[in-house]
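Single-structure report; data block below.
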Amino acid sequence: MAHATAIQASIQTPVASLSGASSTKVAAPSPRVFFHGTKLHVKQTAARRAAAASVAVRAEKVLFPKDLEEADAPPLNTYKNKEPFIGTVVSVERIVGPNATGETCHIVIDHQGKMPYWEGQSYGIIPPGDNPKKPGTPNTVRLYSIASTRYGDDFDGSTGSLCVRRAVYVDPETGKEDPAKKGICSNFLCDAKPGDKLTMVGPTGKVMLLPEKDPKATHIMVATGTGIAPYRGYLRRMFMEDVPFKFSGLAWLFLGVANTDSLLYDDEWKEYQRLFPDNFRYDVALSREQKNKNGGKMYIQDKLEEYGEEIFDLLDNGAHIYFCGLKGMMPGITDTLKRVAASRGLDYEEFSGKLKKNHQWHVEVY
Numbered sequence: 052m053a054h055a056t057a058i059q060a061s062i063q064t065p066v067a068s069l070s071g072a073s074s075t076k077v078a079a080p081s082p083r084v085f086f087h088g089t090k091l092h093v094k095q096t097a098a099r100r101a102a103a104a105s106v107a108v109r110a111e112k113v114l115f116p117k118d119l120e121e122a123d124a125p126p127l128n129t130y131k132n133k134e135p136f137i138g139t140v141v142s143v144e145r146i147v148g149p150n151a152t153g154e155t156c157h158i159v160i161d162h163q164g165k166m167p168y169w170e171g172q173s174y175g176i177i178p179p180g181d182n183p184k185k186p187g188t189p190n191t192v193r194l195y196s197i198a199s200t201r202y203g204d205d206f207d208g209s210t211g212s213l214c215v216r217r218a219v220y221v222d223p224e225t226g227k228e229d230p231a232k233k234g235i236c237s238n239f240l241c242d243a244k245p246g247d248k249l250t251m252v253g254p255t256g257k258v259m260l261l262p263e264k265d266p267k268a269t270h271i272m273v274a275t276g277t278g279i280a281p282y283r284g285y286l287r288r289m290f291m292e293d294v295p296f297k298f299s300g301l302a303w304l305f306l307g308v309a310n311t312d313s314l315l316y317d318d319e320w321k322e323y324q325r326l327f328p329d330n331f332r333y334d335v336a337l338s339r340e341q342k343n344k345n346g347g348k349m350y351i352q353d354k355l356e357e358y359g360e361e362i363f364d365l366l367d368n369g370a371h372i373y374f375c376g377l378k379g380m381m382p383g384i385t386d387t388l389k390r391v392a393a394s395r396g397l398d399y400e401e402f403s404g405k406l407k408k409n410h411q412w413h414v415e416v417y
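Each residue of the sequence shown is one higher than the one before, counting from 52 in this note's numbering.
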């Protein structure tokens, strides 16, 4: 991951954005932004620093579009396959280290404020070209969880961000990648350049919407890999933005990846830990670097089991729990939760059924 430095600027409001020449904004990756009381700290990648070298970076007031907060329901399927929206790539930034197991990119898309969404929703991307399974027909829609708040990384309501892992297929016999079997859409997105056009539909999804009725609630977020995307939106809304939702509860993030270089947005999570120690907890499961209690690889379900009793206590008291990532994560997690339930004398199906009935249980796997 690129090294980062910090730029500090005074602001008059907790809500701020960066501004500069429009050409620089299009060509550079979005900054990492954190609020320290009345100060704004911006962590910039080396690429951003180089692109903005001649631009005076400053903080300014930003007026949020009122309709992004006042709507009674989230926007759904504003754009459909027959009438899609054409978005523009602002930046594509590799966000994992050199020893990560695969490449993951943070992609910022300009939607001009015409394709609003809420935290926890997804955008659909239609990659160019024909569907290889049905020659002569367009490629099918691929859904990606949105990795930003409704205001986007620049806090102006005009962009949305995606967290995309490049899907490749490695032949087990040769050990080489087979280009014919690579993920069409993920490679298209990770190879995109600033200014490229994207055919988009959506937004979609209601299962992973962030419940905001109780600002003191506990939110337990479980992710593997790019399943981290919706939680980035949640946490930025909780801790970075001056919005009607005044979060004062507990946000607990569990992230499972292969190794340290594969951690996603790790600098953001650690900054939240430092700034909000009473409201944010962060635990990781690194399968190739850590061992579980039995000496095996540490997977996300093993990390959950370490805190099983505490998690169940929180759920008993109304906490929300979210699961997002590859569908293969769920069997192991389910087995772990069943063991914890049994140790407490609970029927797991009855317990999880109660959570679902109370809208405390949120799952989005793919």
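Ideal Cβ positions, reconstructed from N, Cα and C, are used throughout, including at glycine. All of these numbers come straight from a predicted model, not from anything done at the bench.
Pair within 7 angstroms by beta-carbon distance, residue i and residue j
| i | j | result |
| --- | --- | --- |
| I45 | A370 | In the structure displayed, the chain extends from 52 to 417; residue 45 sits before or after that span and is not available. |
| Y195 | Y174 | yes |
| I160 | G180 | no |
| F363 | D334 | no |
| F331 | Q324 | yes |
| E170 | R339 | no |
| G307 | I351 | yes |
| L301 | R201 | no |
| V273 | F374 | yes |
| S212 | D204 | yes |
| Y399 | K389 | yes |
| F239 | P189 | no |
C-beta neighbour in chain D for residue i, strict 7 angstroms
| i | result |
| --- | --- |
| D161 | Protein chains in the displayed structure number just one, and chain D is not present. |
Local Cβ density within 10 Å of residue i, reported as buried at 16 or more and exposed below that
| i | result |
| --- | --- |
| P254 | buried |
| Q163 | exposed |
| G376 | buried |
| E356 | buried |
| N128 | exposed |
| L347 | Checking the sequence shown, residue 347 turns out to be Gly, not Leu. Its Cβ having fewer than 16 others within 10 Å, G347 is exposed. |
| S394 | exposed |
| S73 | Reliability of the predicted coordinates at S73 is poor, the pLDDT of 29 falling under 50, and the value obtained from them is presented with this limitation in mind. Exposed, by the Cβ-count rule. |
Residue i in three-state terms, based on DSSP
| i | result |
| --- | --- |
| Y130 | strand |
| A336 | strand |
| F290 | helix |
| R145 | strand |
| E120 | helix |
| F136 | strand |
Cβ separation of residue i and residue j, assumed to be a contact under 8 angstroms, to the nearest whole Å
| i | j | result |
| --- | --- | --- |
| V252 | V192 | 6 angstroms |
| T155 | R216 | 5 angstroms |
| F290 | E263 | No, F290 and E263 are not in contact; Cβ-Cβ is about 14 angstroms, not under 8 angstroms. |
| I176 | L260 | Their Cβ separation, rounded to whole angstroms, is 21 angstroms, which puts I176 and L260 out of contact at 8 angstroms. |
| S313 | V147 | 6 angstroms |
| L315 | C214 | 7 angstroms |
| D354 | A336 | First, the amino acid is wrong: residue 354 is Lys here, not Asp. With a Cβ gap of about 4 angstroms, K354 and A336 count as contacting. |
| G284 | I197 | 6 angstroms |
- Which runs of the alpha helix (DSSP H), 4 residues or longer, sit entirely within the stretch 239-278? You should have found no qualifying run.
- Message: To test your reading of the DSSP string, which unbroken beta strand (DSSP E) runs of 3 or more residues are found completely within the stretch 154-197?
- Response: 155-161, 173-177, 185-189 and 193-196, all fully within the stretch 154-197.
- Hey, which unbroken runs of the alpha helix (DSSP H) at 4 residues or more fall wholly within the stretch 331-384? Every alpha helix (DSSP H) of 4 residues or more that sits fully in the stretch 331-384 is shown, in chain order, as 351-357 and 359-367.
- Query: Curious, which full-length beta strand (DSSP E) runs of at least 3 residues does the stretch 196-227 contain?
  - Reply: Correct list: 210-216.
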